[in-house]
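Undergrad: Provided herewith is a single structure, encoded as structure tokens, for subsequent inquiry.
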Amino acid sequence: MVPLRTKLLAGLAVIVLYGFWIIQLALSLPASELQFSQQGDQLLAAGPDAAPRPVEAMLIGGTALPARAVLVIEEPDVLPAYSDINQVFAEHTQLLQALEAGTLWVRYQDGSEQQLHPVARGLMQLPAMFWLQLLCGLAGMVICMLVWVPGERNLATRSFALSGLGYLLASSTAAVYSTRELFIDGDLFRVLSGFNHCGAMLFSAAVSAFLWSYPRRAPSVWIPLALYAGFVSCMTLDQLQLTASPVEGFHLWVIGVFMIGLSGAVWQWRQTRNSAADRSAFRWVLLSIIAGTVFFSAGMILPAILQVAVPHAQGPLLATFLLMYAGMALGVTRYRLFELERWWFSIWSWLLGGLAVLLTDLALASLLTLSGPTVLAASVALVGWVYFPVRQFIWGRLTVRRQRGLDTWLSQALPVMLQAQRSDQADSAVEQALLAVFQPLRVERLGRKAQRPQVVDNGDALQVPGPSGEGDYVLLHAEQGRRLFTRQDVQLARLVLSLDNLVLHSLTARVEGATEERNRIRQDIHDDLGAKLLQLLHTASGDSRQLVREAIRDLRELLHNMDGHEVRLDVAASRWQEETANRCQARGVILHWQQILGEQSLSAGQFSHLTRVLREAVSNALRHATPTELRVQLSQQGGVTLQLRVENDGVALAETATSGRGLQIMQARARQLGGELQHGCVQQRWWLALQVPIGPPDTPAAD
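full-length UniProt numbering numbers the first residue of the sequence shown as 1 and each following residue consecutively.
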């Protein structure tokens with residue numbers, strides 16, 4: 001049971017230690033006073049302050065060894081035969097032994113001779129190509145490690161991780177022997193070249209297996225296994241030199257296995273034709289792989305196979321493989337490759353931050369070794385007053401886990417719970433609280449139901465029952481992967497669930513209390529005001545009696561609206577028609593009522609506003625004109641818009657006012673309904689039109 005961050009630290013430590021070992025191996029190779037280079041088939045040697053001179057032979061104890069240009073070749077496997085490669089290894093052994101014994105001389109073509117002495121190399125003497133190849137290989141391996149450790153254990157992630165291992169082996173070993181000063185033990189050269197071949201072939205087989213496994217699994221597990229079997233077969237032929245040439249024993253195998261992988265890419269392309277997400281992700285993967293491999297294949301492998309051109313420098317070509325891994329890293333955030341999330345880059349930031357602290361330590365340690373009292377004093381002051389406080393702060397932020405108490409996580413969990421409950425998102429309240437309390441890297445939802453919270457996957461995950469019965473929450477990697485889940489987290493998860501129940505019950509009680517208070521007020525109004533209005537109705541006469549009836553009707557509508565019940569549109573229209581007909585009949589006005597309505601319902605608020613708009617429109621017609629007829633039209637447009645039109649005659653020219661208190665109130669009600677109110681006067685006929693959005697059939701109306 002190891003936390004994710006501990007696993008990442010261990011993996012990073014192994015990679016860094018391997019990098020230091022490669023640096024130490026490169027520093028162990030001796031140099032001499034001369035710099036050797038190649039010009040065509042000629043070996044050249046140059047002193048510190050002298051121009052390059054052609055070398056005729058290397059003298060070993062009086063025996064002349066021809067000065068061949070292949071002695072400084074970067075990659076020996078470009079030679080046409082294994083026998084040529086073995087000869088190069090043997091000659092390097094002779095040269096190194098003679099250099100260490102002090103019996104090595106150089107004879108120039110002008111007949112002059114010069115004795116060579118071994119010179120130790122320092123970090124500053126390692127060429128840029130060494131650092132380029134080594135750092136690219138280490139970076140590629142780190143990317144693969146960050147995919148493999150937190151990712152799912154499947155063939156795709158394993159193959160991707162193996163490709164990084166192969167790339168690291170190929171680039172790091174090549175960094176040692178391709179940047180030598182000339183002198184290297186032949187047996188060491190042979191071993192490093194063998195590991196270089198192993199890494200290159202492993203990279204080809206792993207990338208090919210990956211193409212057959214991502215994003216869809218291969219149609220048969222034997223296809224990836226056959227690719228890895230090809231890797232084993234190639235290594236057997238190559239290391240035992242069972243063929244005459246490295247072309248048949250190595251290069252053709254590398255390119256052949258990779259071509260099989262590209263056939264897997266064609267298969268994946270067909271399999272993802274009906275999935276836009278998988279197709280986009282695979283397109284990105286394929287472009288990244290092609291961008292990272294095409295330069296090495298065209299500049300190194302193909303010339304070695306065809307023997308038609310001198311291969312290009314190996315260092316820059318190996319560095320281009322990093323393009324593939326950089327593309328994969330970008331694909332993690334763009335397409336969620338390997339089911340990783342954007343938190344993957346937060347892990348990168350954490351690792352790089354720690355690496356920056358270590359590098360700064362090394363830089364300041366190097367500064368302290370400089371001579372001079374002024375430099376020493378300045379360095380000590382800088383370290384003590386500035387660097388150590390900043391370093392401890394940064395390192396503490398990277399490594400120290402903050403212990404959160406009950407008050408801390410309550411302040412984080414309770415607000416998000418209340419916000420989710422109030423916004424009718426009760427299902428997400430627990431999830432938001434769990435995210436705030438445990439800060440997992442990822443949360444998944446399972447279909448099965450657990451009885452209680454429990455730690456699973458050896459502490460990597462915490463399974464929490466969902467409150468809605470739709471499945472459990474699975475929290476992966478607590479506190480951004482810094483620790484494992486424990487029994488204490490189980491207790492905290494139970495507290496979160498209890499807090500959710502408490503919040504839900506409190507909000508439910510609040511709603512129930514508001515409903516009870518509304519019912520009490522409604523009952524008081526009905527009993528007190530209703531009784532008094534009925535008493536007035538019995539004692540009133542004439543116009544007063546009509547006013548009391550209207551007050552009773554308004555009170556009835558008010559109480560109905562307080563119930564909050566919906567009203568069917570046809571029922572509402574029937575009430576409106578009855579009321580309007582009674583008012584028109586009392587004034588001797590002919591009513592023409594037309595309606596074409598669907599089966600929608602109006603909320604209590606919509607019904608109240610529409611009733612008052614129609615009532616005010618009829619009142620204006622009867623009060624401000626002398627109409628003989630009144631037309632009311634109710635219709636629907638597209639089933640989602642209610643149209644109300646009121647029209648009357650008997651309007652005098654001087655009475656066509658376009659503004660007034662009644663019109664302003666109707667405009668305000670129209671805006672509250674989300675509709676639009678228009679009015680006008682044409683040929684002494686006043687008209688008013690209202691358009692209000694309503695829901696389609698069987699859709700609950702909005703208040």
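For every residue, glycine included, the Cβ atom is placed at its ideal position computed from N, Cα and C. Since the model is a prediction, treat every value here as computed from it, not as a measurement.
1. Smallest Cα separation from methionine 324: which of Gln239, Thr272, Phe203, Ala433?
2. Let's test the definition: count the other Cβ atoms within 10 Å of the Cβ of arginine 401 and tell me whether it reaches 16, buried, or not, exposed.
3. Taking buried to mean at least 16 other C-beta atoms within 10 Å of its own C-beta, is phenylalanine 183 buried or exposed?
4. Mind checking who cysteine 681 pairs with in its DSSP beta bridge?
5. Determine the direct distance from the alpha carbon of leucine 322 to that of valine 2, and round the result to whole angstroms.
6. So what's glutamate 152 in DSSP terms, helix, strand or just coil?
7. How many Å lie between alanine 654 and cysteine 681 at the Cα?
8. Could you tell me the alpha carbon to alpha carbon distance between glycine 47 and methionine 328, rounded to whole angstroms?
9. In terms of residue numbering, what span does the beta strand (DSSP E) encompassing histidine 624 cover?
10. For glutamate 91, which residues from the same chain have a beta carbon less than 7 angstroms from its beta carbon, with the 5 sequence-adjacent residues on both sides left out?
11. By the DSSP assignment, the alpha helix (DSSP H) with threonine 93 in it spans what residues?
12. Let's test the definition: count the other Cβ atoms within 10 Å of the Cβ of leucine 630 and tell me whether it reaches 16, buried, or not, exposed.
13. What would DSSP say about glutamate 647, mapped onto helix, strand or coil?
14. If I follow the unbroken beta strand (DSSP E) through alanine 461, where does it start and stop?
15. Specify the secondary structure class of aspartate 472 as computed by DSSP and reduced to three states.
16. So what's arginine 216 in DSSP terms, helix, strand or just coil?
17. For histidine 505, which three-state DSSP category applies?
18. With 16 as the cutoff for other CB atoms within 10 Å, does isoleucine 596 come out buried or exposed?
19. Taking the alpha carbon of isoleucine 301 as the point to measure from, which residue in Thr272, Ile289, Gly256, Ser280 has its own alpha carbon closest?
20. I'd like to confirm the pairing. Which residues does DSSP put opposite isoleucine 22 in its beta bridges?
21. Considering only their Cβ atoms, is the gap separating glutamine 463 from valine 474 smaller than 7 angstroms?
22. For serine 112, count the other beta carbons within 10 Å of its own beta carbon; 16 or more makes it buried, fewer makes it exposed. Which is it?
23. Can you tell which of Leu673, Ala436, Ala433, Arg483 has the C-alpha that lies nearest to the C-alpha of valine 455?
24. So, for residue 773: in the same chain, excluding its five sequence neighbours on each side, which residues have a beta-carbon less than 8 angstroms away from its beta-carbon?
25. Within the continuous beta strand (DSSP E) that includes valine 106, where are the two ends?
26. Contact between the stretch 156–167 and the stretch 204–215 is defined here as three or more beta-carbon pairs at a separation below 8 angstroms; is this criterion met?
27. Between serine 213 and leucine 146, is the Cβ-Cβ spacing less than 7 angstroms?
28. Residues in its own chain within less than 6 angstroms of proline 127 by CB, not counting five upstream and five downstream?
29. Have a look at arginine 568 and leucine 497 and give me their C-alpha separation to the nearest angstrom.
30. Let me confirm a value: isoleucine 143 is counted as buried when at least 16 other C-beta atoms fall within 10 Å, else exposed. Which label applies?
31. Quick check on DSSP: helix, strand or coil for glutamate 181?
32. Report the rounded CA-to-CA distance for glutamate 181 versus phenylalanine 36, giving the unit in angstroms.
33. Name the DSSP bridge partner or partners of alanine 45?
34. If you compare alpha carbons, which of Glu33, Met58, Gly61, Ile60 is closest to alanine 50?
35. Assess contact between the stretch 212–231 and the stretch 256–268, defined as three or more Cβ pairs (one per stretch) separated by less than 8 angstroms. Is contact present?
TA: Quick answer:
1. Taking the first residue of the sequence shown as position 1, residue 324 is located at position 324. Nearest C-alpha to methionine 324: Phe203.
2. Counted from its first residue, the sequence shown places residue 401 at position 401. Confidence at arginine 401 is low in this model, with a pLDDT of 46, below 50, so its placement is unreliable and no value can be given for it.
3. Within the sequence shown, residue 183 is the residue found at index 183, counting from 1. The residue is buried, with at least 16 neighbouring Cβ atoms inside 10 Å.
4. Within the sequence shown, numbered from 1, the residue matching residue 681 stands at position 681. The partner list for cysteine 681 (beta bridge, DSSP) reads Trp686.
5. As a first step, residue 2 is located in the sequence shown; it is residue number 2 there, counting from the start. As a first step, residue 322 is located in the sequence shown; it is residue number 322 there, counting from the start. Computed Cα separation, rounded: 30 angstroms.
6. As a working note, residue 152 is residue 152 in the sequence shown. Coil.
7. As a first step, residue 654 is located in the sequence shown; it is residue number 654 there, counting from the start. As a first step, residue 681 is located in the sequence shown; it is residue number 681 there, counting from the start. At alanine 654 the pLDDT is 45, less than 50, meaning the model places this residue with poor confidence; the figure from the coordinates comes in the next sentence. C-alpha separation (whole angstroms): 11 angstroms.
8. As a position in the sequence shown, residue 47 is number 47, starting the count at 1. As a position in the sequence shown, residue 328 is number 328, starting the count at 1. Their Cα atoms are separated by approximately 45 angstroms.
9. Here residue 624 corresponds to residue number 624 of the sequence shown, with the count starting at 1. First-last for histidine 624: 604–624, but that is the alpha helix (DSSP H), not the beta strand (DSSP E).
10. For the purposes of this step, residue 91 is taken as the residue at position 91 of the sequence shown. Within the same chain, glutamate 91 has close Cβ partners Leu65, Leu71.
11. Working through the sequence shown from its first residue, we reach residue 93 at position 93. Run containing threonine 93: 82–101, per the alpha helix (DSSP H) assignment.
12. If you number the sequence shown from 1, residue 630 lands on position 630. For leucine 630, the number of other beta carbons within 10 angstroms of its own is at least 16, and it is reported as buried.
13. On the sequence shown, residue 647 is found 647 positions in, with the first residue counted as 1. Glutamate 647: strand per DSSP, three-state reduction.
14. For the purposes of this step, residue 461 is taken as residue 461 along the sequence shown, with counting starting at 1. Going by DSSP, alanine 461 is part of the beta strand (DSSP E) stretching over 461–464.
15. Position 472 of the sequence shown, counted from the first residue, corresponds to residue 472. Aspartate 472: strand per DSSP, three-state reduction.
16. In the sequence shown, the residue the question calls residue 216 occupies position 216. Three-state result, arginine 216: coil.
17. On the sequence shown, residue 505 is found 505 positions in, with the first residue counted as 1. Histidine 505: helix per DSSP, three-state reduction.
18. Here residue 596 is taken as the residue at index 596 of the sequence shown, counted from 1. So isoleucine 596 counts as exposed.
19. Residue mapping note: residue 301 aligns to position 301 of the sequence shown, counting from 1. Considering only alpha carbons, the answer is Gly256.
20. Counting from one through the sequence shown, the residue named residue 22 turns up at place 22. Partner(s): none; isoleucine 22 has no beta bridge.
21. For the purposes of this step, residue 474 is taken as the residue at position 474 of the sequence shown. For the purposes of this step, residue 463 is taken as the residue at position 463 of the sequence shown. Their beta carbons are under 7 angstroms apart, which means valine 474 touches glutamine 463 by this criterion.
22. The residue labelled residue 112 in the question sits at position 112 within the sequence shown. Serine 112 should be labelled exposed.
23. In the sequence shown, counting from the first residue as 1, residue 455 sits at position 455. Sorting Leu673, Ala436, Ala433, Arg483 by C-alpha distance to the C-alpha of valine 455 places Arg483 at the top.
24. Since the first residue of the chain shown is 1 and the last is 703, residue 773 is not available in this structure.
25. Taking the first residue of the sequence shown as position 1, residue 106 is located at position 106. 104–108 is the extent of the beta strand (DSSP E) around valine 106.
26. Result yes; three or more Cβ-Cβ pairs closer than 8 angstroms.
27. Mapped onto the sequence shown, residue 213 falls at position 213. Mapped onto the sequence shown, residue 146 falls at position 146. No. Outside cutoff.
28. As a working note, residue 127 is residue 127 in the sequence shown. Closer than 6 angstroms at the Cβ level, and outside the excluded window around proline 127, lie Thr179.
29. Looking up residue 568 in the sequence shown gives position 568. Looking up residue 497 in the sequence shown gives position 497. The alpha-carbon atoms of arginine 568 and leucine 497 are separated by roughly 41 angstroms.
30. In the sequence shown, the residue the question calls residue 143 occupies position 143. With 16 or more Cβ atoms within 10 Å of its Cβ, isoleucine 143 is classed as buried.
31. On the sequence shown, residue 181 is found 181 positions in, with the first residue counted as 1. Three-state result, glutamate 181: coil.
32. As a first step, residue 181 is located in the sequence shown; it is residue number 181 there, counting from the start. As a first step, residue 36 is located in the sequence shown; it is residue number 36 there, counting from the start. The alpha-carbon atoms of glutamate 181 and phenylalanine 36 are separated by roughly 7 angstroms.
33. Locating residue 45 in the sequence shown gives position 45, where the first residue counts as 1. BP columns for alanine 45 point to Phe36, Arg53.
34. On the sequence shown, position 50 is the one that residue 50 refers to. Among Glu33, Met58, Gly61, Ile60, the Cα nearest to that of alanine 50 belongs to Glu33.
35. yes
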